[in-house]
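Here's the structure, in structure tokens; my notes come after.
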Amino acid sequence: MEADSLAGKGAGPKTHTSVILKPRIPQLEFCLACRELESEFRDRKPNTLVQVAILDAHAHETIACACTEMVEGTRDPVFLTGVSLSPDWPICEESQIKLSVYDVKGDSQRTSSFLGSASFSVAELLKSKDQQLALSLRTSDDSASVGTVVVCRLKMGEVEDVEVEHVTADAHQKCTLVCESSHGTTNDKDSEPLLNEVFKSPVCKMYRFQTVDGAWLLVREQMSECALSFSLPRQLLNLFIQEDGCRVQELKDLGELSPHWDNLRTGVLTRYGQVIKAYQDTLAELEKHTGPSFKPSCSKGQKYLEFVPINLHTQRMRVTGPSKTDAVYDVITVGAPAAHHQGFKGGGLQRLLSRYEVEKKSYSTAYQCIYYPPEHTAKARDILSTVSQLQPLIGGLADHLLLTAQQHSAHGLRDALKSLALKTEQFVHALKDELVKSALLALHAARPGYVSKSHTSCPAMVDSTPSPAATPAVTPAVTPAPAESLNQSPESDTAVCNSVSASPGTEGGSVKHQDIPHHTEYDEEEWDRVWASVAKNLNRVMDVVDQLRRQDNTTQRPAVEQTLADVITSHSPAAEWSEQLCPLVAALKNCVNEVAERASKSMAFVLLQEAACSSPHGLQLQRRRDTVFSQALVALACGFIVRLYSGMEDTGFLQQLHSVGLVAQFESLLSTYSEEVGMLEDMEVAVSDLQKVTFRITEAPSDDPSKLQPTVSGRRDHYTVDVPLPVQAFQTLPEELRKGKLLHVVPVLFNVGINEQQTFAERFGDISLQERINQRNFDILQAYYKSLRDKVPLESLPCFQTQTDVKELLETLGQNVVTKKRKNVEILWLAGAICRRLNGIRFTSCKSAKDRTSMSVTLEQCALLRDEHQLRKDYFTRALDCMRSSRQAQGEGAQWDDPEAGSVANHKPASRHFYPIALLLVSSHLLVVWLILSLVFLLAKYQ
């Protein structure tokens, strides 16, 4: 497996009793040690490791299941890495387990010699005294003994306060055990259906470390692949295709345009067709995908996998102390969201988008289009989406009103009218925008035969900034009011020339003809009248419904109480309610349809001009943005689910979730040098775009695990991720969550480059991008904390051993952000600590989520054990080495040869230091720089 890190963090240390994440006791676990080993040369102490395999009697084969770390220079090694065999393994009491001991030689780590092996059955271990075996290691020809291997069973869930002596007198080697499970999981059977549909192929490890007071900590780690890595990109691609297909149809529905605009539309339709075809091809390839549930870093440049995040894994560390309570720390590790397939020759998204806006203005001059700023085009998309949602909904509610009228139900009529009035009011207010009115004028000017009266020639460029104009206002009661002025900037002289020669016709289908005569002068007040008529028709319906309800109340009173006025004003009993409402409801529906059609066409014309004014690579830039957004969204959804599952019984967390949402803190280790600058620019836009994502917790239709997969809906300006929960878990949620309240996430990104390339950037390059990102996201994080402080009691936040409060941490973070300091990793430490204290979601990223990410996660994991759980100082470095060595061996998918062949995989411990490692290479790189500068000087001298 390619992912390198296993540690987790994020949720604060809380007692964990959730039914969803209750740990399961594995079936068999044991630790290993050796005594009096003999090496090939008697004056040399061996560098030892042990390979563990299961002898399958039925299949007559050996199954490698685990391997220890390498212990250097001792004849009596005690291995920190043990073995954990879950019930998934095909073992029983009769199963034979084989231990093969190797002596690793040389720096290459690939040359080793076989020392000896020993075998035992599970029954022998379970029935032995103290469940401990001492086995003689025999050579391959069984001619001699080369030492003893000791096997000691470890009973999980037990944390003894007593010191247990093992096979060495070294006090530093006592009672420190780590157990590895290649196929195990820490979830019990009740939670497996829930988690296994989202998280795949869990890998578990266990450690036992001593605290400063002599007690023992049981540390469990679990890493899992996330099944969302492929399922959510497929859903997003379907949504992209659907949205672009709707855009194509809207452009076709614009009707007849002048030759100039018709030619531009043809070009835009062609480009949209190419994008849709590319997305369909990518989707087809993803549907065929089989294999791991993550994308390895070696595949980051593959085109059909570009929407899939790199090396997405969930990491969890669970710490159990003498008090028997669990502290859980989660983190999501993922490669930085970036468009590797498209490359970074021109930079990343942040730079490309800035350049794109400049190019749009120049292209608007060349193509004689109206330039709309990004906020206007975003508003046009929002209006189109709102109209497409509300128009059929209003029609359905209007039909439901007539149905209740036929049933003569006064209460039903009242409720139906309330719903109809609410949605109609939303419809009217959504179109209360000057952009619609100005776009209708521009669309009329684009019709065939239109000639501007105020201009005899085409302007060089036309500005779309609307002028103050009167638009009808709608009161909360949906009553038409006098026109009111919107706060808009002044309008430039606006005219569009349609006399530009262009080839007529459109591609990709026919377009509808406009019914309004094009030669007539455009009435700018017509839209105001049509728009206000929606509210007028609704008011008529409301008046009739009120009258019918009063009539119903009158007929229910005794005849003696009826006054003469009641008799005169009452309708005939024979009059049907539906007959009175039917013409009014029909008029309302027709009016809504007319307004919706005009508004949709005007907004589609705005988007046509945006696409026409775009550079030829405009839609390719949208594809790049779609790509990195897909990667970021999958990671966010994975982190949200992990955080939700771990906080199901935390009332404070659930209150925070629906009150202010969660903060999602992305820790980036990218350098600001070479291609990684483009990656960071991509990641900045991707993380920022996550602001348009909301989550909604839903009740699963059944407890079938296949029904627990999250789903995505929406469009590019807003997406909603539905997270289904089983019925039993869903019913325990607060009412706000059960009612489907949309839950917000506040994404923040902090970046500090830490490798040798960052050294070059800080000495000879530019780090302004990193400084701007950190400052901007600090402001976002600070604003989130202020909102949280106002709405949620701070007492409900997690409690930590380090008593520094969030406000003080924020002040220190702000100081570090503005401080000019090279490789200021304090920014990352402080941001991570604040995130954990705010119940946030933690992410760690580098280029591929391997080396730098692994070093960061393991260092933070050990720091948490030291700061929050009193890990002994002399255990810190040993724990760090052990965690990193196991990740290195596992991270590259090490394959073992036959035990007798004497060849093993790389198991050298990783470096003991994280952030200082870049400094080790500084001197050599500076020498290279000096040589290059000297060469340049010599060339300049001789020229």
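Residue numbers for the sequence shown follow the numbering used here, so the first one is -14 and each next one is one higher. Don't be surprised by glycine CBs; every beta carbon is placed ideally from N, CA and C.
DSSP places N762 in the helix class (H, G or I) of the three-state scheme. Contact annotation, V733 with F651: C-beta distance approximately 7 angstroms; criterion of less than 8 angstroms satisfied. Closest in C-alpha terms to T679, from the list V670, M664, H703, T696, comes H703.
The residue among P359, T96, E669, S839 with its C-alpha nearest the C-alpha of F614 is E669. DSSP places F184 within a strand segment (E or B) once states are collapsed to three. Straight through space, the alpha carbons of V580 and D418 are spaced by roughly 13 angstroms.
Between S653 and A321, the C-beta gap is smaller than 8 angstroms, which places the two residues in contact. The continuous beta strand (DSSP E) containing S209 extends over residues 201 to 211. Y348 places its beta carbon less than 8 angstroms from that of S599. In the DSSP annotation of this structure, C16 is not part of any alpha helix (DSSP H); the continuous beta strand (DSSP E) holding it starts and ends at 13 to 20. A Cβ-Cβ distance of about 11 angstroms is found for the pair L642 and L773, leaving them out of contact under the 8 angstroms criterion. A contact between stretches requires three or more CB pairs, one per stretch, nearer than 8 angstroms, and the stretch 569 to 587 fails this requirement with the stretch 213 to 229. Going by DSSP, L795 is part of the alpha helix (DSSP H) stretching over 791 to 803. Secondary structure at R700: strand, using DSSP grouped into helix, strand and coil.
Take S656, set aside five residues on each side of it, and the residues of its chain with a beta-carbon closer than 7 angstroms to its own are G738, N740, Q742, Q743, A746, in chain order. Looking at the DSSP output, Q117 shares a beta bridge with C137. Straight through space, the alpha carbons of D266 and R748 are spaced by roughly 45 angstroms. The C-alpha of V343 lies about 35 angstroms from the C-alpha of Q411.
By the Cβ rule, the stretch 685 to 703 does not count as touching the stretch 773 to 782, because fewer than three pairs are nearer than 8 angstroms. Here I826 carries a strand assignment [DSSP, helix/strand/coil].
Taken through DSSP and simplified to helix, strand or coil, Y192 comes out as strand.
V733 is bridged by DSSP to Q650. Within the same chain, I379, V463, V519, L523 come within 7 angstroms of T409 by CB-CB distance, once the 5 residues on both sides are set aside. The closest CA to that of V107, considering only S394, D41, E46, is found on D41. The DSSP-derived three-state label of D688 is coil. With a 10 Å radius around the Cβ and a threshold of 16 neighbouring Cβ atoms, G434 comes out exposed. Cβ-Cβ distances below 6 angstroms link G637 to S781 in the same chain, with the five nearest sequence neighbours on each side left out; the list follows chain order. Boundaries of the beta strand (DSSP E) around Y314: 311 to 318. In the three-state DSSP reduction, C77 falls in the coil class, being neither helix nor strand. DSSP places R681 within a strand segment (E or B) once states are collapsed to three.
By the C-beta density criterion, I758 is buried, having at least 16 other C-beta atoms within 10 angstroms. When rounded, the separation of the alpha-carbon atoms in K30 and V89 is 11 angstroms.
Spanning the alpha carbons of H274 and K403 requires a straight line of approximately 49 angstroms.
Judged by DSSP secondary structure, M302 falls within the beta strand (DSSP E) whose first and last residues are 298 to 305. Per the coordinates, the alpha-carbon of G663 lies some 16 angstroms from the alpha-carbon of Y341. When the alpha-carbon of R60 is set against those of I76, C19, I48, A49, the nearest one is in C19.
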